[in-house]
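The structure appears right after this line, and notes come after that.
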Amino acid sequence: MRLGRRRNEPDEERPLVFAGSASPALTAAICGDLGIEPARGETMHFSEGTLFVRALENVRGRNAYVVQSTSYPTNDNLVELLFWIDALKRASAASVTAVVPYFGYGKGDRKDEPRVSIRARVCADAIEAAGVDRVVTMDLHAPQIQGFFRVPVDDLYAMPYLVEAVRREGLESPVVVAPDAGSAKRARRFARRLDAPIAIADKERAEHDERAELLELVGDVEGRDALIVDDIVFTGGTLIDAARILRERGAGRIVAAVTHGVFSGGRDRLDACAIETIYCADTIEARPDPPPAKVRTVTVAPLFAEAIRRIDRRESISTLFEE
Ligand code: R5P
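Okay, so the sequence shown: first residue is 862 according to the working numbering, each after it adds one.
As structure tokens, this is what we get:
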């Protein structure tokens, strides 16, 4: 899956990949895989809280990509992404693709109570209004968020990379555990790759205080090593509850694979819980506090690089994930 720079490729045919302030390391790794240097640009943060972005090289007629997760600080990084799209568009890029490894506000995908905003939709509208031609993202909290955009969206899966990392654990008779019904499809994909059965937990979230309660576990886990899979970890409550119930039901070793390690809290509780290792993709690289010590980062840079290569060559992306 690794891509070397194409020999004799004229400079003007190479993609220009800019780093937003949330994703410089991932951008460097993506560019390393593509065999190019990150495009030159700058972001300035002013004392009154506004910001400014500028491309420092010619983008006219080029396919431009800007890599920016909308996390830490979510709102600033979202606005910066909008300014990048606008700057590149106004500088006459042939196309502007927003590569958003972690799409913040993904949980605001519906109006399930009165007088609330569908925040993911508002973000999608803003990104589109800024002039984006395409969005590449990873493990959206709800795949239907793709439909909030009119432009094409490629929602990549971290799963193949996380599975490879988990395989090295040598789990015995593994069972893949979805910590809530929303993760069942994801769990099935992991289970197919690992040739394992699945178990599903029933989780209830009563309020917006980020606390959820795990009520029941459906599936046989006794005597099996367990792999908990999820799209995001915020406070860690979901993983900790799942680990507790797995212990109660007689599971053996417990590891977790999560795409987006937000880790907005719960560091000590996560380190103290029965999960041995939490594998996370490198979609979020800057956090106010360090993640739990048991976190192992799995890079998905080659996957984003391959997506960019295929977009540039007008090749299929879905075939990347064929079973
Ligand atoms: C829920 O729908 C998500 O998939 C995650 O399970 C959840 O957001 C994780 O949050 P926390 O780590 O705070 O339990």
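For glycine and all other residues, C-beta sits at the position ideal for the given N, C-alpha and C.
Let me check understanding here. Comparing Cα to Cα, which of the options lies closest to residue i?
i: Ile1139; options: Arg1148, Ala1147, Ile1115, Ile1006; result: Ile1115
i: Val1090; options: Leu1055, Gly1111, Leu1076, Arg1110; result: Leu1055
i: Glu1109; options: Asp1081, Val1094, Phe944; result: Asp1081
i: Asp1063; options: Glu1033, Arg1050, Ala1103; result: Ala1103
i: Arg1113; options: Asp1041, Arg1085, Lys972; result: The question names Arg, yet the displayed sequence has Gly at residue 1113. Of the listed residues, the one whose Cα sits closest to Gly1113 is Arg1085.
i: Glu1065; options: Pro1040, Arg1053, Leu942, Ile1059; result: Pro1040
i: Asp1015; options: Arg1174, Phe1165, Thr1099; result: Phe1165
i: Gly896; options: Ile1169, Phe1010, Ala1133; result: Ile1169
i: Arg1133; options: Ala1118, Lys1155, Ser1125, Pro1151; result: The question names Arg, yet the displayed sequence has Ala at residue 1133. Considering only alpha carbons, the answer is Lys1155.
i: Glu1137; options: Pro1149, Glu1030, Ala1042; result: Glu1030
i: Trp945; options: Lys968, Met905, Tyr1022; result: Met905
i: Thr888; options: Arg1175, Glu1146, Arg1171, Pro1151; result: Glu1146
i: Phe1010; options: Asp973, Val1027, Arg923, Ala991; result: Ala991
i: Ala954; options: Tyr926, Pro1021, Ser1044; result: Tyr926
i: Leu943; options: Pro899, Arg1047, Glu1025, Asp986; result: Asp986
i: Thr935; options: Pro1149, Ala900, Ala1087; result: Pro1149
i: Arg923; options: Lys950, Gly893, Pro962; result: Lys950
i: Gly902; options: Val878, Pro975, Leu1076, Gly1122; result: Val878
i: Asp1092; options: Phe1124, Asp894, Glu1167; result: Phe1124
Give every residue of the same chain whose Cβ lies closer than 8 Å to the Cβ of residue i, excluding the five residues on either side of it in the sequence, and list them in chain order.
i: Asn938; result: Gly881, Ser882, Ala883, Gln929, Ser930, Thr931, Ser932, Gly965
i: Pro1004; result: Asp1016
i: Phe907; result: Phe913
i: Arg1171; result: Ser1177, Ile1178, Leu1181
i: Ala1045; result: Ala1039, Ile1059, Ile1061
i: Glu1083; result: Arg1110, Gly1111, Ala1112
My output table needs one value for residue i: the three-state DSSP class, helix, strand or coil.
i: Glu941; result: helix
i: Arg923; result: coil
i: Ala1026; result: helix
i: Ala880; result: strand
i: Gly902; result: strand
i: Phe913; result: strand
i: Ser1179; result: helix
i: Ala886; result: helix
i: Ile891; result: helix
i: Thr1099; result: helix
i: Thr931; result: coil
i: Ile897; result: coil
i: Ala1117; result: strand
i: Ala1104; result: helix
i: Ala948; result: helix
i: Gly865; result: Confidence at Gly865 is low in this model, with a pLDDT of 48, below 50, so its placement is unreliable and the value that follows should be read with caution. Note: Gly865 maps to coil in three-state DSSP.
i: Ala954; result: coil
Ignore the nearest five residues each way along the sequence and tell me which others in residue i's own chain have a CB closer than 6 Å to its CB.
i: Leu1131; result: Gly1097, Pro1153
i: Arg1128; result: Pro1153
i: Cys984; result: Tyr966
i: Gly1126; result: Thr1096
i: Ala1117; result: Ile1089, Leu1100, Ile1136, Ile1139
i: Arg1258; result: Nothing can be reported for residue 1258: it is not among the residues displayed for the chain, which extend from 862 to 1184.
i: Arg1050; result: Met1020
For residue i, collect the residues of the same chain with a Cβ closer than 7 Å to its Cβ; drop the 5 residues on either side in sequence, then sort them by chain order.
i: Ala1057; result: Pro1035, Val1036, Val1037
i: Ala1019; result: Met999, Asp1000, Thr1120, Ala1142, Val1161
i: Val1012; result: Glu989, Val993, Asp994, Arg995, Val996
i: Thr1158; result: Cys1141, Asp1143
i: Ala1052; result: Val1037, Pro1058, Ile1059
i: Ala952; result: Ala916, Val920, Arg921
i: Leu1078; result: Ala1060, Ala1062, Ile1106, Arg1110
i: Arg971; result: Ile979
Would you verify that the beta carbon of residue i is, or is not, closer than 8 Å to some beta carbon of chain D?
i: Phe879; result: Absent from the structure: chain D. Only one protein chain is present.
Which runs of the alpha helix (DSSP H), 4 residues or longer, sit entirely within the segment 965 to 1016? 980 to 990
Which full runs of the alpha helix (DSSP H) of 4+ residues lie inside the segment 1122 to 1176, going along the chain? 1128 to 1133, 1162 to 1173
With three or more beta-carbon pairs closer than 8 Å as the criterion, would you say the segment 891 to 911 touches the segment 980 to 994? no
Jot down the residue ranges of each uninterrupted alpha helix (DSSP H) in the segment 1036 to 1097, minimum 4 residues, whole runs only, in chain order. 1045 to 1055
Are three or more beta carbon pairs between the segment 882 to 901 and the segment 915 to 930 nearer than 8 Å? yes
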